[in-house]
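Everything in the sequence shown is counted per the numbering used here, starting at 43 for the first residue and increasing by one.
We put the beta carbon where it would ideally sit given N, CA and C, even for glycine.
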Amino acid sequence: MDKKNSNYEDSRQVINGIIVELFKNILTIEEKSLKKRGIKDLSITEIHVIEAIGIGNRKMMSEIADILEVTMGTLTTAMTKLEKKGYVVRERDPRDRRIVVCSLTRRGVLAEKIHRNFHDEMIDHLMVDLKLEEEPALIQALKNINEFFIREYGGKNDN
């Protein structure tokens, strides 16, 4: 197939427009979805800290900082806010007081469930018109763009 034909160039422009709009809007939309569902006092950064801790988990601060690729100072600031808002609990490890272990409160679990539901709805909507045989192509296309970003600009590849 000649990738320089008019249809190919038109498709490239459409795809570029969609990706630019997606990147521009996704974090704002994600935050709005939380507010719409009653979580009005969390920033998107804070919900991602909650997501990194996870439901039913107890994670060390260093683990969470590694997952989020932030410094311990940045995480400590976020955790202090989340603790004051009632979403997380920090406890010192009784065997090693230098270690701080974090977990979600009931309120934190609810926020994470609401956030997870947003992601589920987003993926459901993405796949609604896909035929089963088209799913591998979509998955590969998303992997390709993710790997490009990681290779060119750094970051983690969790896949």
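Tell me the DSSP bridge mates of Arg-134?
DSSP output for Arg-134 lists Val-142 as bridge partner(s).
With a threshold of 16 other CB atoms inside 10 Å of the CB of Tyr-195, please say whether the residue is buried or exposed.
exposed
Going by Cα to Cα distance, which pick from Glu-133, Arg-148 and Thr-147 is closest to Ile-141?
Glu-133
Where do the N-terminal and C-terminal ends of the alpha helix (DSSP H) with Thr-118 fall, by residue?
114-127
What are the partner residues of Lys-74, as DSSP defines its beta bridges?
Lys-74 is not bridged to any residue.
Own chain residues within Cβ distance below 6 Å of Val-151, not counting five before or after:
Ile-97
On the DSSP bridge assignment, give the partners of Met-103 in chain order.
Beta-bridge pairing links Met-103 to no other residue.
Presumed contact (8 Å Cβ cut-off) between Ile-86 and Leu-146, rounded CB distance
Going by Cβ atoms, the distance from Ile-86 to Leu-146 rounds to 17 Å, so no, they are not a contact pair.
Just the C-alpha distance for Val-170 and Asp-135, rounded to the nearest angstrom, thanks.
46 Å
Just the C-alpha distance for Thr-116 and Leu-180, rounded to the nearest angstrom, thanks.
Approximately 35 Å between the Cα atoms of the pair.
For the alpha helix (DSSP H) that contains Leu-168, what are its first and last residues?
148-169
N- and C-terminal bounds of the alpha helix (DSSP H) containing Ile-81
Here Ile-81 belongs to no alpha helix (DSSP H), and DSSP marks it neither H nor E.
Whole angstroms are fine: how far does the CA of Val-91 sit from the CA of Met-121?
8 Å
Apart from the five residues just before and just after Ile-89, which ones in its own chain have a Cβ nearer than 7 Å to its Cβ?
Leu-76, Ala-153 and His-157
Counting C-beta neighbours from all protein chains within 10 Å, is the total for Ala-107 16 or more, i.e. buried, or is it exposed?
Burial state of Ala-107 is buried, judged by a 10 Å Cβ sphere holding 16 or more other Cβ atoms.
If you compare alpha carbons, which of Leu-172, Lys-155, Asp-162 and Met-102 is closest to Asp-138?
Met-102
Would you kindly report the start and end of the unbroken alpha helix (DSSP H) that includes Glu-189?
177-195
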